[in-house]
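Input: a single structure, listed below in C-alpha cells.
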Amino acid sequence: MIAEPPTPRRPRIRRVYVGPFGQQVLVCLLAGLWLLNVADLLLTKYALWLGFATESNDVMRYFLHVGTLTASVFKVGIVTVGVLVLWRLRRYRAALFAAVVLAGIFAAVVAYQVFWLTSL
Amino acid sequence: MPASGSGPAPGATAPVAPPLGPPRDPAGAGAAAGGRRFRPGALVVALAVLLVGAAAGAGMFAMEQASVTWRPHATKTAAGWRIAGPHGLVIHDASLSGDHLAWVSGPYTVVFDLTNGTSKLLGIARRTGEAPAVSGEYVVWLDEAPGGSAAPSIWSYSFATSTRRRLAATTMVASAPALSGSTLVWAERGSGSTGSASGGDVAIVARDLGTGAGRVVTKGPRVTDPVVAEWPRVGWGESATTGAAGRASYSFAVKDVGSGQTYGVDLLAGVTSATLMNIDLSGTTLVWRLRTGGSSGEILMRDLTGGTTQPIASGPGLSGGSIDGGVVVWAQPFGGGTSIMCRRLSGGSPFAVAAVSTGTVTDVLVGGNTVAWIVESGPSGFNGIETARLAQ
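Quick mapping for you: the protein sequence lines, in order, are chains A and B.
Going letter by letter, the first sequence gives residues 1 to 120 in my numbering.
Going letter by letter, the second sequence gives residues 1001 to 1392 in my numbering.
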C-alpha cells in the first residue's frame, strides 16, 4: 500500500487582532494622518510659492507641475484611499502599526516644515 | 438511557466552532461606533504618537540648521554690528535704510534688523547683481518665480505686517528695483506685462506698495538702468554715447514726478573714459563714483537744482559712494588699511567713521544715522558687513 503524499500545508500567517481600544487609537491616528496630509499640502504649496523650496517627491513634483488642483486631488485622494483601506482593516494589528508609522512620519514632516517656515 | 449532561443528543447537530477570523464588528462602523463608548485614552495615545513624530521633525530641522544655514553670524560691537556671512560667504549688493540692512550672500537674499540683530531670509538670488532695496517698512528684491521656469519678478516684504508677496505684473524687469518709502521703481523692457513699454523701449515704472497705484515715469529707446528713487524724484540712465571729440558721455536724468520737472546730468563730463559706479540720490543731490583707469577714481556730487559738479574725494582705491540725508560716505586707503569716510554736506571737513585694518572694503552705505561697509578678506578672513552709528 502506497501512502498518500502529505498534503502541503499553506503557511499560516499569524494574525493579531486589535481590541476596541486599539481601534479607537487607530481612528484618531487616521484622522490625524488625513489632517496632517492636508497641512503638508498647504505648507508645501506655501514654501513653493515663497520661491525657495522645491518638491523632492518626483511624483508630487509632476502633479504640481500639471497644476495645483490636480496635485491637491491626487495627494488628498491617495491618502484618503489609504486611510479607508486601513479603516477597513482596522481589526488587524498591522493596520494599527501602519497608522502609527505613517502618522509619525507625517507629523515629523509637517513639524519640520513649520519650523523651517517660521525660521525664515 | 441517555447520558445526562449538556452534550448534544445523539443525532443532533453539534455546534460548529466559528472559523478562525477577526472579531466581529456588529455595528460595522468600528470601535468608535461599535457600541462602546469612546475612551479619551485613545486620543491621548494617538496624540503621543504625533508628538513623537513632531519631535523627530524638530530634531531633523535642528540638525539641518547646524550644518547648512543662510543665517549670518552677527555680533554687537561698541559702534554697531559686525555681521559675517554664513560659512565665509561674501556679502554683496547691500542696501541700508533706517533700521534695516539687506544684502545678497551666496544664493541667499537676507534682511537684517539693526535694532535687535535678527535676520530673515527673503529669497534665493539666482542671478548676481540684483540688489535688494530697503526703505521704510518695506524691502523689495528681484527673484525668480517659484519653480524657476518663469522670468524673475519683484517680491516685497512688509516689516509692519510680516507678509511677503510676489508683485503681479513685474516680469520683464530690466533692473534691480529701487525703493523710496513705499514707492517701488523699476525699469521694464518692451512687451512687459504692464504694457508700459513696447518694442525696444524701456519704461521706468513706479508703484505704491501700499495702494498698488502705479504710473509710468518715462519710457523710450535710450532709457536704461540703473534706477534710483527718492520719491517723488526718480532717476534713470540713458544710453552712453561718445562725442565727436572722443569724449564719453552718460546722461543721467532725474524727474520730479510731483512737479514734472526733469533734470539731466552728464555723469562723465570732463573725463575721457571712466567706469561709472555707485549712483545714489538723496533729495536733490546726486552722488556717483568714477573709476578712471587703474585703481584711481573720484567721487562726485551735484545739486540738481543748480550749481556745478563738485568732487567729494579722489585718489586711488576709492570704493563706495553713498548719500542719505545730506551725508556722503565712502572708503579710501589710509596707512595700510582703509578708512570709512563721511562728509556732511551742511559743512565741515570729511572725517573717518571707522578704520578697517585687513581686507578690502568693496562698498559703503549710509542710511539714516547708520553707516555700513562691506569687507572681503578672502576665504579664511572676515567676509561680511560692519556698521556704525554716526554721532548726531
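Cβ atoms here follow ideal geometry from the backbone N, Cα and C, with glycine treated the same way.
Can you tell me whether residue 103 of chain A is helix, strand or coil according to DSSP? helix
For residue 1388 of chain B, is the classification buried or exposed, using 16 other Cβ atoms within 10 angstroms of its Cβ as the cut-off for buried? Only buried fits residue 1388 of chain B, as 16 or more other CB atoms lie within 10 angstroms of its CB.
For residue 1377 of chain B and residue 1359 of chain B, the rounded distance between their alpha carbons: Roughly 4 Å between the two C-alpha positions.
Can you tell which of B/1362, B/1367, B/1349 and B/1353 has the C-alpha that lies nearest to the C-alpha of residue 1078 of chain B? B/1353
Within-8 Å CB hit, residue 1258 of chain B to chain A: no
Taking the C-alpha atoms as reference points, what is the distance between residue 1214 of chain B and residue 1330 of chain B? 34 Å
Against residue 25 of chain A, what residues of chain B qualify as contacts under a CB-to-CB distance less than 7 Å, listed in chain order? 1042, 1045 and 1046
If you compare alpha carbons, which of B/1133, B/1273, B/1154 and B/1320 is closest to residue 1230 of chain B? B/1133
Spatial neighbours of residue 41 of chain A within its chain, please: C-beta separation below 8 Å, excluding the five flanking residues on both sides. Excluding its 5 nearest sequence neighbours in each direction, residue 41 of chain A has C-beta neighbours in its own chain below 8 Å: 71, 72, 75 and 76, listed in chain order.
Taking the alpha-carbon positions, what's the residue 1301 of chain B to residue 1373 of chain B distance? 20 Å
Please confirm if residue 1120 of chain B has its CB atom under 8 Å from at least one CB of chain A. yes
Would the beta-carbon of residue 120 of chain A fall within 8 Å of that of residue 1121 of chain B? In this structure, residue 1121 of chain B lies closer than 8 Å to residue 120 of chain A by Cβ.
Say whether chain B places a C-beta atom closer than 8 Å to the C-beta of residue 109 of chain A. yes
Rank B/1274, B/1281, B/1155 and B/1277 by C-alpha distance to the C-alpha of residue 1253 of chain B and give the top, closest one. B/1281
Kindly examine the ligand NAD and report whether one of its heavy atoms sits closer than 7 Å to the Cβ of residue 1253 of chain B. By its list of ligands, the structure shown contains no ligand whatsoever, and the ligand NAD lies outside what it can speak to.
Go ahead and label residue 1063 of chain B buried or exposed: buried means 16 or more other beta carbons lie within 10 angstroms of its beta carbon, across all protein chains shown. Result: exposed.
Using a Cβ-Cβ cutoff of 7 Å, what residues of the region 1095 to 1118 of chain B are near chain A? List them in chain order. none
Just checking: is the beta-carbon of residue 1066 of chain B within a distance shorter than 8 Å of some beta-carbon in chain A? Chain A, which has no Cβ nearer than 8 Å to the Cβ of residue 1066 of chain B, makes this no.
List the residues of chain B that residue 32 of chain A touches, going by C-beta distances under 9 Å, in chain order. 1046, 1047, 1049 and 1050
In the DSSP assignment, find the unbroken alpha helix (DSSP H) run with residue 63 of chain A in it and report its ends. 58 to 66
Apart from the five residues on each side of it in sequence, which residues of its chain come closer than 6 Å, Cβ to Cβ, to residue 1264 of chain B? 1251 and 1253
Does residue 1220 of chain B come out as helix, strand or coil in the three-state DSSP assignment? strand
Residue 1112 of chain B, buried or exposed, once every other Cβ within 10 Å from all chains shown has been counted against 16: Residue 1112 of chain B comes out buried.
Give a yes or no on whether 8 Å exceeds the smallest Cβ distance from residue 50 of chain A to chain B. yes
Between the region 59 to 69 of chain A and the region 1078 to 1092 of chain B, do at least 3 Cβ pairs fall closer than 8 Å? no
Does the beta carbon of residue 1060 of chain B come closer than 8 Å to any beta carbon on chain A? yes
Would you mind giving the Cβ-Cβ distance between residue 1369 of chain B and residue 1392 of chain B, rounded to the nearest angstrom? I have them listed as a contact below 8 Å. 7 Å
C-alpha gap between residue 1232 of chain B and residue 1058 of chain B, whole angstroms: 48 Å
Answer with buried or exposed for residue 1395 of chain B, where buried requires no fewer than 16 other C-beta atoms within 10 angstroms of its C-beta. Because chain B in this structure spans residues 1001 to 1392, residue 1395 of chain B falls outside the shown range and cannot be described.
Where does the unbroken beta strand (DSSP E) through residue 1112 of chain B begin, and where does it stop? 1108 to 1113
So, residue 1340 of chain B versus residue 1321 of chain B, is the Cβ gap smaller than 8 Å? no
For residue 1228 of chain B, count neighbouring Cβ atoms within 10 angstroms of its own Cβ and tell me buried if that reaches 16, exposed if not. buried
Candidates A/112, A/114, A/24 and A/87, of which the one nearest residue 1041 of chain B by Cα: Nearest option by C-alpha distance: A/24.
Interface partners of residue 1207 of chain B on chain A, CB under 7 Å: Close partners of residue 1207 of chain B in chain A (Cβ separation under 7 Å) are lacking, with about 20 Å as the shortest Cβ gap.
By how many angstroms is the C-alpha of residue 1176 of chain B removed from the C-alpha of residue 1104 of chain B? One C-alpha to the other measures close to 12 Å.
Would you kindly work out how many angstroms separate the C-alpha atoms of residue 1172 of chain B and residue 1047 of chain B, rounded to a whole number? 50 Å
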